[in-house]
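A.B. asks:
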Amino acid sequence: MSTYRHADVAALVLAAGMGKRMNSDLAKVLHPMAGQPLLAHVLATLDDLGVGRRVVVIGHQRERVQQAFAHRPDVEWAIQSEQRGTGHACMMAEPALGEFGGTLLVVCGDTPLLTARTLHALLEAHASSGASVTVLSMRLPDPHGYGRIVRMADGAGIERIVEEKDANDAQRRLDEVNSGIYAFRYPSLAGVLSSLTATNSQGEYYLTDTVTLLQARGERAAVVCTDDHRELLGINTVDQLAEAEAVYRAMRGEKG
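Counting from 10, one number per residue, gives the positions in the sequence shown under my numbering.
Quick look at the structure:
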């Protein structure tokens, strides 16, 4: 039984990455934490959230990932053969989503500490704001490596998200960062995906650029900052995986 009911929401899980810094050939989302693959933790959170659809974008070792979740016939798969960024991953999911007209919740397959409570709060804020996109953010003691949230002058709205490699010194000093988790009005997102370009230091299609594109069309972008940044930490290294498992057990009152 799910704790929440969001049957009108489709969840898109970005899970195509290789995870080079894990120093393993195993697809990153298949690395185990607390006895379950990282992706299993994310899917369990979406089950708790009560979403209507779960579309998972896979690429590296996609057959192995699908086999690991063969017991989940409710999961739909989209293929990203080349990893060309988060925006590109969403483009690869367009055929699966088709004419879907509701809210698309975009989450990452390597965030095993994410809770349904936090995603529910994001979806509720998105629904009440009237925005076409609501970004889930967090404040970090050390924001190195994350895209920075640049807020509007009034502090309420979001102006843009700047990837660290493309940020100037002032932007790098900001401690509010993008978690990589979003709630979109899907028809609005679908309307700007084709306008994304890869003219950046990584040569990738950034999903973050849709914020600026939507605003250029006169649509609103909102931001919600979580109260516990630990939930949103992604796993990129073996050390981060060990740290996440320790946090996971601490959150549940278990001894390491």
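Cβ coordinates follow ideal geometry from the N, Cα and C atoms, glycine included.
Please read these numbers as outputs of a predicted model, since none were measured by experiment.
DSSP has A192 in a bridge; who is on the other side?
C.D. replies: In the DSSP output, where bridge partners are listed per residue, A192 has L114, T143.
A.B. asks: Report yes or no: do three or more beta-carbon pairs, one from the segment 211-224 and one from the segment 167-180, lie closer than 8 Å?
C.D. replies: Result yes; three or more Cβ-Cβ pairs closer than 8 Å.
A.B. asks: Under DSSP, the beta strand (DSSP E) around G96 begins and ends at which residues?
C.D. replies: No beta strand (DSSP E) holds G96; the alpha helix (DSSP H) holding it covers 95-106.
A.B. asks: Does the beta-carbon distance from M42 to L250 come in below 9 Å?
C.D. replies: Yes, they are a contact pair.
A.B. asks: So for H40, helix, strand or coil by DSSP?
C.D. replies: Three-state result, H40: coil.
A.B. asks: Which two residues bound the contiguous beta strand (DSSP E) that contains R126?
C.D. replies: No beta strand (DSSP E) holds R126; the alpha helix (DSSP H) holding it covers 125-138.
A.B. asks: Please state whether DSSP places H153 in a helix, a strand or coil.
C.D. replies: Of the three classes helix, strand and coil, the one that applies to H153 here is coil, per DSSP.
A.B. asks: Tell me whether D178 sits in a helix, a strand or coil according to DSSP, three-state version.
C.D. replies: D178: helix per DSSP, three-state reduction.
A.B. asks: So, with DSSP's three-state summary, where would you put A20?
C.D. replies: A20 falls in the strand class under three-state DSSP.
A.B. asks: For T12, is the classification buried or exposed, using 16 other Cβ atoms within 10 angstroms of its Cβ as the cut-off for buried?
C.D. replies: With fewer than 16 Cβ atoms within 10 Å of its Cβ, T12 is classed as exposed.
A.B. asks: Indicate the three-state DSSP secondary structure (helix, strand or coil) for Q45 in the structure shown.
C.D. replies: Of the three classes helix, strand and coil, the one that applies to Q45 here is strand, per DSSP.
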